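Enquirer: I am attaching a structure below and will ask some questions about it afterwards.
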Amino acid sequence: MHGAIFLLLTIALTAPAFADQRCTYLRCRTEFRKTGAYCAHGDFAHYCMCRSGIDEALLMQCPYGQIFNEFLNKCGQNSERNQDLCRNFFRTRGMSPHGFGN
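Next comes the structure, spelled out in structure tokens:
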């Protein structure tokens with residue numbers, strides 16, 4: 001029984017992760033914050049988390065009713081100011097702030 005659980009856990013932990021398209025613009029190893037959070041492309045309620053040594057970012061969700069604040073690098077109040085922070089983040093990278101398909 002313990003062997004089967006160990007095998008399943010090993011498979012789950014080593015299975016390839018597929019990057020969400022809202023985070024594929026990031027290459028974490030070359031970003032300013034190699035272990036930090038960034039705006040998700042076109043989605044204020046999510047953010048992309050870079051982890052040490054891994055190039056692809058992981059998509060994370062803010063708590064209900066909150067959006068990502070790029071300046072504070074964490075989720076916060078759903079306000080026009082916080083939305084503008086992410087919009088400007090993408091504009092400074094030469095990208096549309098609206099995400100894919102918009």
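In UniProt numbering, the protein residues as written are 1 to 102.
All C-beta atoms, glycine included, are put in the ideal place defined by N, C-alpha and C.
These numbers come from a predicted model, not from an experiment.
1) Count Cβ pairs between the segment 72-92 and the segment 52-59 that sit closer than 8 Å; are there 3 or more?
2) Decide if histidine 41 is buried, meaning its Cβ has at least 16 other Cβ atoms within 10 Å, or exposed.
3) Curious, which full-length alpha helix (DSSP H) runs of at least 4 residues does the segment 55-81 contain?
4) So, with DSSP's three-state summary, where would you put cysteine 28?
5) Who are the near neighbours of isoleucine 5 in its chain, counting only those whose CB is closer than 7 Å to its CB and skipping five residues on each side?
6) Would you report the Cα separation of serine 52 and glutamate 31, rounded to the nearest angstrom?
Expert: Checking against the coordinates, here is how it stands:
1) Proximity of the segment 72-92 to the segment 52-59 falls short of the contact definition, fewer than three beta-carbon pairs being nearer than 8 Å.
2) buried
3) none
4) helix
5) Confidence at isoleucine 5 is low in this model, with a pLDDT of 46, below 50, so its placement is unreliable and no value can be given for it.
6) Going by the C-alpha atoms only, they are around 11 Å apart.
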